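My numbering applies: residue 2 is where the sequence shown begins, and numbers increase by one. Don't be surprised by glycine CBs; every beta carbon is placed ideally from N, CA and C. Here the structure is a predicted model, which means the values were calculated and not measured.
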Amino acid sequence: MTTLESNITSVPRFQAGDFKSDLKPIWCPGCGDFGVVTAITRALAAVGRPPHEVAFVSGIGCSSRIPGYTTAYGFNTVHGRALPIAQGIKLASPGLLVLVASGDGDAFSIGGGHVAHVIRRNIDLTYIVMDNQIYGLTKGQLSPTSPRGRKTVTSNFGSLEAPVNPLLYVMGYGASFVAQGSPADMAGLARIIEEGIRFPGFAFINVQSPCVTYGLEEQQLKAQKTRLQTLESLGHDPADQARATELAREYGTKLYTGILYRNPKPPPTYGEGVLDRQQTLKEQTVPRHEILNRFIPKA
Ligand SMILES: Cc1ncc(C[n+]2csc(CCOP(=O)(O)OP(=O)(O)O)c2C)c(N)n1
Ligand code: SF4
Ligand SMILES: [Mg+2]
2 MTTLESNITS VPRFQAGDFK SDLKPIWCPG CGDFGVVTAI TRALAAVGRP PHEVAFVSGI
62 GCSSRIPGYT TAYGFNTVHG RALPIAQGIK LASPGLLVLV ASGDGDAFSI GGGHVAHVIR
122 RNIDLTYIVM DNQIYGLTKG QLSPTSPRGR KTVTSNFGSL EAPVNPLLYV MGYGASFVAQ
182 GSPADMAGLA RIIEEGIRFP GFAFINVQSP CVTYGLEEQQ LKAQKTRLQT LESLGHDPAD
242 QARATELARE YGTKLYTGIL YRNPKPPPTY GEGVLDRQQT LKEQTVPRHE ILNRFIPKA
């Protein structure tokens with residue numbers, strides 16, 4: 002029987018369009034980041050928190066323009082510093098849903114040192130990295146995820162460096178939610194982002210978002226569509242950490258999408274730890290004069 006109440010609850014409160022701002026993106030036509038912002042707004046609509054309860058933080062890069070194209074609170078910060086600022090926001094306002102956007106350079110070059118610390122603190126953020134394997138904004142230099150041998154304006158004869166593997170990087174530090182998506186599979190990407198947002202703790206999502214201007218041919222959406230393999234179709238169990246690590250090693254050769262690892266028993270978040278500590282301190286309240294006495298040297 003359909004009741005009025007069930008009718009009301011079945012109507013989605015928000016549409017993806019409610020999370021899209023009036024600002025017109027200035028990305029190159031065809032840039033993969035267009036698809037990423039669409040997937041993010043769909044995921045936010047599915048989660049159903051209103052835009053004023055969402056904060057979206059980014060660093061600097063083409064990809065870091067994303068917060069401005071949403072109706073969430075936005076902070077386009079400093080190159081490589083999106084994570085520390087997002088952590089501060091989450092700790093100051095735990096009720097906010099905090100998303101973070103970076104490029105591969107923002108996340109794993111200048112900002113690489115912050116990744117370990119947000120993971121070990123397990124701060125409840127959703128970190129979306131648009132991995133185009135190039136510095137897009139600054140016109141096509143090598144990035145930390147550029148493949149060995151890649152020729153760019155700064156590597157005329159080809160890169161001599163092995164790329165960072167973002168999936169292994171975060172798994173190495175113990176991330177509890179690790180996924181990869183692509184705008185070549187929009188519905189899949191929106192679902193992954195939604196799951197990342199719903200995950201209680203730090204969630205990392207690597208997005209194979211191609212740069213149409215400086216990116217390689219094999220990264221473009223058309224080529225990705227022929228290579229893409231969903232982890233679901235492989236029968237992968239996201240709780241299987243050992244298998245997830247094996248699959249993560251294939252970054253750069255295979256293009257897996259879906260949830261690679263989801264810790265079935267995630268550790269407490271930093272926010273939960275703070276609440277616990279506050280409770281303990283409340284229970285152990287020591288009278289003020291006793292604390293002062295501890296610091297007064299005995300005659
Ligand atoms: C401290 C600092 N160093 C360097 C820069 C120059 N810079 C701006 S964006 C960027 C890299 C952009 O690449 P990525 O993070 O991969 O983002 P994309 O543009 O590819 O999305 C660099 C080196 C800067 N803005 N600030
Ligand atoms: S330079 Fe590349 S990453 Fe930047 S907007 Fe253009 S296509 Fe996108
Ligand atoms: Mg990049």
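Determine which residues share a DSSP beta bridge with residue i and list them.
i: L98; result: V55
i: F178; result: A204 and R263
i: I129; result: A102 and I206
i: Y136; result: Q142
Please state whether the Cβ-Cβ distance between residue i and residue j is less than 8 Å.
i: F203; j: I292; result: no
i: V101; j: A73; result: no
i: L190; j: G182; result: yes
i: L45; j: F76; result: no
i: D132; j: S210; result: yes
i: Q230; j: Q134; result: no
i: S59; j: P68; result: yes
i: D105; j: P145; result: yes
With respect to 7 Å, is the separation between the Cβ of residue i and the closest non-hydrogen atom of ligand 3 below this value?
i: Y1; result: Given a span of 2 to 300 for the chain in the structure shown, any question on residue 1 remains unanswerable.
i: S147; result: no
i: N133; result: yes
i: G62; result: yes
i: G104; result: yes
From what residue to what residue does the beta strand (DSSP E) around residue i run?
i: F76; result: Y74 to N77
i: I292; result: Element bounds for I292: not the beta strand (DSSP E) but the alpha helix (DSSP H), R289 to F296.
i: T155; result: Per DSSP, T155 belongs to no beta strand (DSSP E) and is neither H nor E.
What are the start and end residues of the alpha helix (DSSP H) that includes residue i?
i: V165; result: Taken as a continuous stretch (DSSP letters only), V165 belongs to no alpha helix (DSSP H), as it is neither H nor E.
i: R43; result: D34 to V48
i: P85; result: A83 to A93
i: R121; result: G113 to R122
i: L256; result: Run containing L256: none; DSSP gives neither H nor E here.
i: T281; result: Y271 to E284
With a threshold of 7 Å, establish whether the CB of residue i neighbours any heavy atom of ligand 1.
i: N207; result: no
i: D107; result: yes
i: H80; result: yes
i: S144; result: yes
Original post:
Which full runs of the alpha helix (DSSP H) of 4+ residues lie inside the stretch 217-251, going along the chain?
Top reply: 222-228 and 242-249
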